[in-house]
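Here's the structure, in C-alpha coordinates; my notes come after.
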Amino acid sequence: MNDTDIFKIKSNNALPSRGKILISEPFLRDATFGRSVVLLVDHTNEGSMGLIMNKQLPLLLNEVIKEFKYLDDIPIYKGGPIGTDTLFFLHTLPDVPGALSISNGLYMNGDFSFIKEYMLKGKPVDGVIKFFLGYSGWELEQLDHEIKEDTWIVSKEEITELMSDKIESMWKRSLRHLGSKYQTWSRFPQIPTLN
(Lines of atoms letter the chains of each structure in order from A and count residues from 1; the text may use other names and numbers.)
(Lines give C-alpha, C1' and ligand atoms only; values in the text may rest on other atoms or scores of the structure.)
Protein backbone atom coordinates (compact mmCIF):
# COMPACT_ATOMS: atom_id res chain seq x y z
CA MET A 1 0.00 0.00 0.00
CA ASN A 2 1.28 3.45 -0.95
CA ASP A 3 1.93 5.79 2.01
CA THR A 4 -0.25 8.48 0.49
CA ASP A 5 -3.30 6.18 0.02
CA ILE A 6 -4.70 7.12 3.44
CA PHE A 7 -4.67 10.76 2.36
CA LYS A 8 -6.30 10.32 -1.04
CA ILE A 9 -9.59 12.00 -1.67
CA LYS A 10 -12.35 9.46 -1.94
CA SER A 11 -15.22 10.30 -4.21
CA ASN A 12 -18.19 12.11 -2.77
CA ASN A 13 -20.26 10.32 -5.46
CA ALA A 14 -21.31 13.60 -7.10
CA LEU A 15 -21.76 13.25 -10.85
CA PRO A 16 -20.02 15.58 -13.28
CA SER A 17 -22.19 17.93 -15.32
CA ARG A 18 -21.99 21.32 -16.99
CA GLY A 19 -21.44 24.05 -14.41
CA LYS A 20 -19.88 21.79 -11.76
CA ILE A 21 -16.22 21.91 -10.82
CA LEU A 22 -13.49 19.30 -10.60
CA ILE A 23 -11.05 19.64 -7.71
CA SER A 24 -7.76 17.77 -8.14
CA GLU A 25 -6.67 15.39 -5.42
CA PRO A 26 -3.95 16.78 -3.10
CA PHE A 27 -0.95 14.82 -4.38
CA LEU A 28 -1.54 15.07 -8.13
CA ARG A 29 1.94 15.91 -9.48
CA ASP A 30 0.86 17.20 -12.84
CA ALA A 31 2.19 20.60 -13.94
CA THR A 32 -1.11 21.50 -15.57
CA PHE A 33 -3.67 19.95 -13.23
CA GLY A 34 -1.91 19.77 -9.83
CA ARG A 35 -3.92 21.75 -7.24
CA SER A 36 -6.37 22.84 -9.93
CA VAL A 37 -10.04 23.75 -9.96
CA VAL A 38 -11.64 23.04 -13.34
CA LEU A 39 -15.05 24.35 -14.34
CA LEU A 40 -16.90 21.90 -16.58
CA VAL A 41 -18.31 23.90 -19.47
CA ASP A 42 -19.61 20.78 -21.21
CA HIS A 43 -20.14 17.14 -20.24
CA THR A 44 -21.92 14.88 -22.70
CA ASN A 45 -21.78 11.26 -23.81
CA GLU A 46 -19.20 12.42 -26.40
CA GLY A 47 -16.73 13.81 -23.85
CA SER A 48 -16.08 16.69 -21.51
CA MET A 49 -14.60 20.18 -21.74
CA GLY A 50 -13.43 22.39 -18.92
CA LEU A 51 -11.46 25.51 -18.05
CA ILE A 52 -8.85 25.59 -15.29
CA MET A 53 -9.92 28.48 -13.09
CA ASN A 54 -6.84 29.00 -10.93
CA LYS A 55 -3.72 29.01 -13.14
CA GLN A 56 -2.72 32.45 -14.38
CA LEU A 57 -0.42 32.83 -17.37
CA PRO A 58 2.49 35.32 -17.39
CA LEU A 59 0.62 37.26 -20.08
CA LEU A 60 -1.94 40.06 -20.02
CA LEU A 61 -4.82 40.50 -22.44
CA ASN A 62 -3.65 44.12 -22.75
CA GLU A 63 -0.46 42.79 -24.43
CA VAL A 64 -2.43 40.69 -26.92
CA ILE A 65 -5.26 43.07 -27.87
CA LYS A 66 -3.78 46.48 -28.60
CA GLU A 67 -7.10 48.34 -28.07
CA PHE A 68 -6.91 47.26 -24.41
CA LYS A 69 -3.44 48.78 -23.94
CA TYR A 70 -4.71 51.59 -21.67
CA LEU A 71 -7.14 49.51 -19.62
CA ASP A 72 -6.22 48.15 -16.18
CA ASP A 73 -4.22 44.90 -16.36
CA ILE A 74 -6.42 42.01 -17.51
CA PRO A 75 -4.97 38.59 -16.63
CA ILE A 76 -5.21 35.56 -18.90
CA TYR A 77 -5.61 32.13 -17.33
CA LYS A 78 -4.40 28.76 -18.59
CA GLY A 79 -7.67 27.05 -19.50
CA GLY A 80 -5.87 23.81 -20.28
CA PRO A 81 -3.36 22.12 -22.56
CA ILE A 82 -5.59 21.87 -25.67
CA GLY A 83 -6.09 24.68 -28.19
CA THR A 84 -3.65 27.01 -26.46
CA ASP A 85 -3.87 29.47 -29.37
CA THR A 86 -7.62 29.96 -28.78
CA LEU A 87 -9.05 32.59 -26.44
CA PHE A 88 -12.08 31.62 -24.35
CA PHE A 89 -13.95 33.84 -21.94
CA LEU A 90 -16.38 33.33 -19.10
CA HIS A 91 -18.67 36.14 -18.07
CA THR A 92 -21.73 37.09 -16.08
CA LEU A 93 -23.26 39.26 -18.84
CA PRO A 94 -26.64 37.81 -19.90
CA ASP A 95 -26.99 40.03 -23.01
CA VAL A 96 -23.94 38.81 -24.98
CA PRO A 97 -25.24 37.45 -28.31
CA GLY A 98 -24.32 33.81 -28.95
CA ALA A 99 -23.08 33.10 -25.41
CA LEU A 100 -23.44 29.57 -24.02
CA SER A 101 -25.13 29.33 -20.62
CA ILE A 102 -22.91 27.30 -18.27
CA SER A 103 -25.02 27.70 -15.14
CA ASN A 104 -27.53 30.20 -13.83
CA GLY A 105 -25.81 33.56 -14.37
CA LEU A 106 -22.55 32.28 -15.88
CA TYR A 107 -21.86 32.22 -19.62
CA MET A 108 -19.05 31.26 -21.98
CA ASN A 109 -17.92 33.08 -25.13
CA GLY A 110 -20.36 34.80 -27.46
CA ASP A 111 -19.91 37.88 -29.63
CA PHE A 112 -16.42 39.18 -28.81
CA SER A 113 -17.12 42.59 -30.38
CA PHE A 114 -19.87 43.03 -27.74
CA ILE A 115 -17.34 42.20 -24.99
CA LYS A 116 -14.73 44.50 -26.52
CA GLU A 117 -17.19 47.42 -26.69
CA TYR A 118 -18.28 46.75 -23.09
CA MET A 119 -14.66 46.85 -21.90
CA LEU A 120 -13.65 49.92 -23.93
CA LYS A 121 -16.52 51.84 -22.31
CA GLY A 122 -14.66 51.35 -19.01
CA LYS A 123 -17.20 48.96 -17.53
CA PRO A 124 -15.99 46.52 -14.83
CA VAL A 125 -14.02 43.43 -15.83
CA ASP A 126 -13.00 42.09 -12.39
CA GLY A 127 -15.53 39.49 -11.28
CA VAL A 128 -17.45 39.91 -14.55
CA ILE A 129 -15.22 38.57 -17.37
CA LYS A 130 -12.35 36.08 -17.15
CA PHE A 131 -10.13 35.15 -20.13
CA PHE A 132 -8.44 31.82 -20.89
CA LEU A 133 -6.02 30.44 -23.44
CA GLY A 134 -6.71 26.80 -24.19
CA TYR A 135 -9.06 24.33 -22.57
CA SER A 136 -9.08 20.95 -20.86
CA GLY A 137 -10.72 18.02 -22.59
CA TRP A 138 -11.60 14.41 -21.89
CA GLU A 139 -12.72 11.78 -24.36
CA LEU A 140 -15.80 9.67 -23.83
CA GLU A 141 -15.64 7.99 -20.38
CA GLN A 142 -12.09 9.30 -19.74
CA LEU A 143 -13.25 11.77 -17.08
CA ASP A 144 -15.55 9.19 -15.45
CA HIS A 145 -12.55 6.86 -15.24
CA GLU A 146 -10.37 9.57 -13.62
CA ILE A 147 -13.13 10.33 -11.10
CA LYS A 148 -13.40 6.62 -10.23
CA GLU A 149 -9.60 6.65 -9.68
CA ASP A 150 -10.14 9.54 -7.24
CA THR A 151 -8.02 11.95 -9.31
CA TRP A 152 -10.91 14.44 -9.15
CA ILE A 153 -13.69 15.21 -6.75
CA VAL A 154 -16.83 16.77 -8.23
CA SER A 155 -18.37 19.76 -6.51
CA LYS A 156 -20.10 23.03 -7.23
CA GLU A 157 -18.90 26.54 -6.58
CA GLU A 158 -20.41 29.99 -6.33
CA ILE A 159 -19.97 32.15 -9.44
CA THR A 160 -18.33 34.89 -7.37
CA GLU A 161 -15.65 32.38 -6.27
CA LEU A 162 -15.07 31.14 -9.82
CA MET A 163 -14.81 34.64 -11.24
CA SER A 164 -12.55 35.88 -8.44
CA ASP A 165 -8.97 36.83 -9.24
CA LYS A 166 -7.90 35.51 -5.82
CA ILE A 167 -6.72 32.26 -7.36
CA GLU A 168 -3.85 31.36 -5.00
CA SER A 169 -6.22 29.86 -2.43
CA MET A 170 -9.07 28.79 -4.75
CA TRP A 171 -8.15 25.08 -4.58
CA LYS A 172 -8.08 25.11 -0.76
CA ARG A 173 -11.29 27.14 -0.50
CA SER A 174 -13.09 24.74 -2.86
CA LEU A 175 -12.03 21.74 -0.77
CA ARG A 176 -13.04 23.40 2.49
CA HIS A 177 -16.57 23.92 1.20
CA LEU A 178 -16.92 20.13 1.10
CA GLY A 179 -16.58 19.69 4.87
CA SER A 180 -14.08 18.76 7.55
CA LYS A 181 -12.60 15.65 5.90
CA TYR A 182 -11.64 17.64 2.82
CA GLN A 183 -10.58 20.66 4.87
CA THR A 184 -7.86 18.49 6.41
CA TRP A 185 -6.64 17.46 2.96
CA SER A 186 -6.47 21.09 1.88
CA ARG A 187 -3.59 21.59 4.34
CA PHE A 188 -1.39 18.76 3.05
CA PRO A 189 1.75 19.64 1.09
CA GLN A 190 1.53 18.62 -2.58
CA ILE A 191 4.70 16.55 -2.25
CA PRO A 192 4.60 15.00 1.25
CA THR A 193 8.33 14.15 1.30
CA LEU A 194 9.13 17.89 1.18
CA ASN A 195 7.27 18.55 4.42
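The numbering of the sequence shown is our numbering, which starts it at 405 and goes up by one.
C-beta atoms are modelled at their ideal positions from N, C-alpha and C, and glycine is treated no differently.
Just so you know, these numbers come straight off a predicted model, no measurement behind them.
What's the C-alpha gap between His-581 and Ser-421?
18 Å
Determine the burial state of Gly-583: buried for a count of at least 16 other Cβ atoms within 10 Å of its Cβ, exposed for fewer.
exposed
Rounded C-alpha distance that separates Tyr-522 from Ile-427:
32 Å
Nearest-angstrom Cβ-Cβ length linking Tyr-481 and Ile-456, presumed shorter than 8 Å
7 Å
For Pro-479 and Gln-460, believed in contact at Cβ under 8 Å, the rounded distance:
5 Å
Whole runs of the alpha helix (DSSP H) within the stretch 569-595, excluding any shorter than 4 residues:
574-580, 584-589
Let me make sure I understand the geometry here. Which of Thr-564, Ser-568, Met-574, His-549 has the alpha-carbon closest to that of Asn-417?
His-549
Starting from Ile-557, follow its DSSP beta bridges and name the residues at the other end.
Ile-427
Quick one: what's Lys-534 bridged to in DSSP?
Leu-494
On the DSSP bridge assignment, give the partners of His-447 in chain order.
Ser-452
Work out the CA separation of Arg-433 and Trp-589 for me, nearest whole Å.
15 Å
By DSSP's criteria, Met-512 is part of a beta bridge. Which residues make up the other side?
Leu-494, Leu-504
Residue ranges of each beta strand (DSSP E) within the stretch 468-492, 3 or longer
479-482
Comparing C-alpha positions only, which one of Ser-507, Gly-423, Pro-498 sits nearest to Phe-518?
Pro-498
Counterpart residues of Val-441 in DSSP-defined beta bridges
Ile-427
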